[in-house]
Each structure stands twice: as C-alpha cells, then as structure tokens.
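Report on the following structure.
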Amino acid sequence: MLKVLDLFSGIGGFSLGLERAGMKTVAFCETETYPISILKKHWPTIPVFEDVRKLKGDQLEQIDIITGGFPCQPFSVAGKQKGKEDNRYLWPEMFRLIQECRPSWVIGENVTGLVRMALDDVLFDLESEGYATRTFIIPACAVGGKHRRERLWIVAHSEHNGQLAAEKQRSKKQAIHNDPKRQDEASELERVCLSSNVANTNSEGRKRESITGGNESVRKKSDDEQLAGCCGSQQFRPINPPAEPSVRCRTDGLPDNVARLKALGNAVVPQIPEIIGRQIMAIESL
1 MLKVLDLFSG IGGFSLGLER AGMKTVAFCE TETYPISILK KHWPTIPVFE DVRKLKGDQL
61 EQIDIITGGF PCQPFSVAGK QKGKEDNRYL WPEMFRLIQE CRPSWVIGEN VTGLVRMALD
121 DVLFDLESEG YATRTFIIPA CAVGGKHRRE RLWIVAHSEH NGQLAAEKQR SKKQAIHNDP
181 KRQDEASELE RVCLSSNVAN TNSEGRKRES ITGGNESVRK KSDDEQLAGC CGSQQFRPIN
241 PPAEPSVRCR TDGLPDNVAR LKALGNAVVP QIPEIIGRQI MAIESL
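Read left to right, the sequence shown gives residues 1 to 286 (the numbering used here).
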C-alpha cells in the first residue's frame, strides 16, 4: 500500500480521495486549529505536524507520495497576487521535504494564478530532482460539482533510476496498450480533462522560461466555453450533498461556523485526487 504524506492538509480532502483509491496517509501537516480538529476526528491515529517549516524528513517513515495544496493566497485573484514575494509562499518548504523524503510521486494543487506567476519554477524544481511532470487544470464540475472551481493539478513521478526507469515506463506503456482494461483505466484522467475543456500540458526538459510566450498553455475562455461538456457528465459519482442546505444557514449557532466555511473554501474536491490516485495505483500494479 502506498504511503502518503499530506502537506497543507486542510480538512483532509487529499487523503479522503487517495484513501478511496487504495492508499494510506501516514502523516498530516496543518497549522490551522479548526482543520486540525477535523483531521483528528476522522484520522485519530495519524500524527498531525503543525509547522511545515519545522518538519524534517527523518521524522517520517518511508513516504511513497507527497501531496500538497500549498497556500494559494500569493497567487489568488482574491488577494494582492504577490506571488513568490508573499511570506505565505511555501512551495520551497514542500520542495525541501520532497528532496528529503524522495517519494516516487508528488501531487500538487493550486489556483490557476500559479500558471503565470510561479509554475515554471515549481516544475523546474521537480525536474531538477529527476521527476517527470504533467499538469492539468480541472474544474469541480468535471467530477459532478455544480460550480466551476478551476484548480491547477501537478503530478510528478520520480525518474531517479535513469535509463532503467525509462525502460520500465516504456514496458508499462506497452502493457497498457496491449490490455484494453488497462487502457481504459489509464485514460480516465484524460477523459476528465477532455470532457471539461481544461488545459493539459506535458513538460519535458523544462528550462526557466515563460510558459506564456507563443501559444499559451492556458487561455481565457468565455463562461460557455469553459463549462461546455463538463457539468452534464454522468461517468463520475456526484459530490456528496452538503450537510446543510445552503450558506445562509450560518446563523445556526455553531461557534466554528466561520472557520468551517473557510476550511471548505480551501478544501480540494476529493473526487479529483481519487481519480489521480487510481491511475497511480494502476501504473504501480503493472
């Protein structure tokens, strides 16, 4: 079973999705009080580290996957978009832990503003450590949500074994090509992206250069274009109905209501890491 280190865990959306795919979270890292209470309620035996800056690789067991929706405020249109100059820019800390733990897989998530402000640096960092990277922009409506909620997803796989890893990957691709069932499994994430008209970029041999030059990886589309084909798909189960009918119920007297709404706003849609996780499991099982 693949072991997950869930950084910037929030209320556990990453872990919920990946555990549905057959993985096991062995450690969380989260600083906010309310999300920590949710993690301890649903994962009472899993340790929660509270400061990513102080977390060291030698404090952890062997990690197969590091996940993280590193703080999006530096890149969000709702903020000042200071980018890497923002003191909440914590990708360097996530990258440090990747270097220390050497996981086979990395899954990152952020707002689409990262594309123009820091994606090149993130991918360069990963590739400098021997990871092949792939990026997707996937909206919540691609997995049954009633809203767009576009997010950038970064998937990276270790190439530490050099030529042997490349040969193994080629043999896996051939096995998928020869097995219709494997072919269907391996293409599920592609179907999500294609059905929702989202960006799907493949980086190979990236240098520190702007990705917005020439043909842009991500271009602004009209609302109709962005939503075309993604909200009517029935191939994925719908997102679970909310516990309360609407946000206007915030007057229900719950003392943590503001923190709860903030946590929900920061959370990832679990169905997306579940889909990514299932494809990783399919690759690992070959």
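Glycine included, C-beta positions come from ideal geometry on N, C-alpha and C.
Given that a residue counts as buried once 16 or more other Cβ atoms are within 10 Å of its Cβ, and exposed if not, what is residue i?
{"i": "Ser-285", "result": "exposed"}
{"i": "Glu-61", "result": "exposed"}
{"i": "Glu-30", "result": "buried"}
{"i": "Tyr-261", "result": "The residue asked about is misnamed: residue 261 is Leu in this sequence, not Tyr. Exposed, because fewer than 16 other Cβ atoms sit within 10 Å of the Cβ of Leu-261."}
{"i": "Asp-51", "result": "exposed"}
{"i": "Gly-265", "result": "exposed"}
{"i": "Gln-99", "result": "exposed"}
{"i": "Met-117", "result": "buried"}
{"i": "Gly-229", "result": "Confidence at Gly-229 is low in this model, with a pLDDT of 39, below 50, so its placement is unreliable and no value can be given for it."}
{"i": "Cys-249", "result": "Residue confidence is low: Cys-249 scores 46 on pLDDT, short of 50, so the model does not pin down where it sits. Its coordinate-derived value is still stated next. Under this definition Cys-249 is an exposed residue."}
{"i": "Gln-271", "result": "buried"}
{"i": "Arg-47", "result": "The sequence shown places Pro at residue 47, not Arg. The residue is exposed, with fewer than 16 neighbouring Cβ atoms inside 10 Å."}
{"i": "Thr-25", "result": "buried"}
{"i": "Met-1", "result": "exposed"}
{"i": "Thr-45", "result": "exposed"}
With DSSP as the reference, label residue i as helix, strand or coil.
{"i": "Val-258", "result": "helix"}
{"i": "Val-115", "result": "helix"}
{"i": "Asp-6", "result": "strand"}
{"i": "Lys-289", "result": "Limits of the chain in this structure are 1 at one end and 286 at the other, which puts residue 289 out of reach."}
{"i": "Asn-197", "result": "Interpretation of Asn-197 is limited by its pLDDT of 45, a score under 50 that renders its predicted location unreliable; no figure is taken from the coordinates."}
{"i": "Thr-67", "result": "strand"}
{"i": "Ala-21", "result": "coil"}
{"i": "Glu-167", "result": "Only weak support is given to the placement of Glu-167: the predicted model assigns it a pLDDT of 48, under 50, and the value that follows is read from those uncertain coordinates. Helix at Glu-167."}
{"i": "Ala-263", "result": "helix"}
{"i": "Ser-210", "result": "Residue placement at Ser-210 is flagged as unreliable, the pLDDT there being 37, under the threshold of 50; the coordinate-derived value follows with that caveat. DSSP places Ser-210 in coil when its eight states are reduced to three."}
{"i": "Gly-232", "result": "For Gly-232, the predicted structure reports a pLDDT of 38, less than 50, and the residue's modelled location is therefore unreliable. A value from the coordinates is still provided. Coil at Gly-232, not helix or strand."}
{"i": "Asn-240", "result": "For Asn-240, the predicted model reports a pLDDT of 45, less than 50, meaning its position is unreliable; a value from the coordinates is still stated below. Asn-240 falls in the coil class under three-state DSSP."}
Would you mind stating whether residue i and residue j have Cβ atoms separated by less than 8 Å?
{"i": "Tyr-34", "j": "Ala-267", "result": "no"}
{"i": "Met-23", "j": "Ile-65", "result": "yes"}
{"i": "Asn-110", "j": "Arg-151", "result": "yes"}
{"i": "Trp-43", "j": "Gly-12", "result": "yes"}
{"i": "Ile-276", "j": "Trp-153", "result": "yes"}
{"i": "Leu-7", "j": "Leu-97", "result": "yes"}
{"i": "Gly-108", "j": "Val-269", "result": "no"}
{"i": "Leu-137", "j": "Thr-112", "result": "Here residue 137 turns out to be Ile, not Leu, going by the sequence shown. Cβ distance < 8 Å, so Ile-137 and Thr-112 count as in contact."}
{"i": "Ala-156", "j": "Trp-105", "result": "yes"}
{"i": "Pro-273", "j": "Gly-17", "result": "yes"}
{"i": "Ile-63", "j": "Leu-5", "result": "yes"}
Using only the heavy atoms of the ligand FAD, determine whether one of them is closer than 7 Å to the beta carbon of residue i.
{"i": "Leu-264", "result": "Among the ligands in the structure shown, none appear at all, so the ligand FAD cannot be discussed."}
Using a Cβ cut-off of 8 Å (strictly closer), state whether residue i contacts chain C.
{"i": "Ala-118", "result": "Judged by its chain identifiers, the structure shown contains no chain C, having just a single protein chain."}
Does the pairing of the region 128-148 with the region 33-42 give three or more beta-carbon distances under 8 Å?
By the C-beta criterion, the region 128-148 is judged not to be in contact with the region 33-42, since fewer than 3 inter-stretch pairs fall below 8 Å.
Quick check for students: name the residue ranges of the alpha helix (DSSP H) that lie wholly in the region 94-161, counting only runs of 4 or more.
114-117 and 119-128
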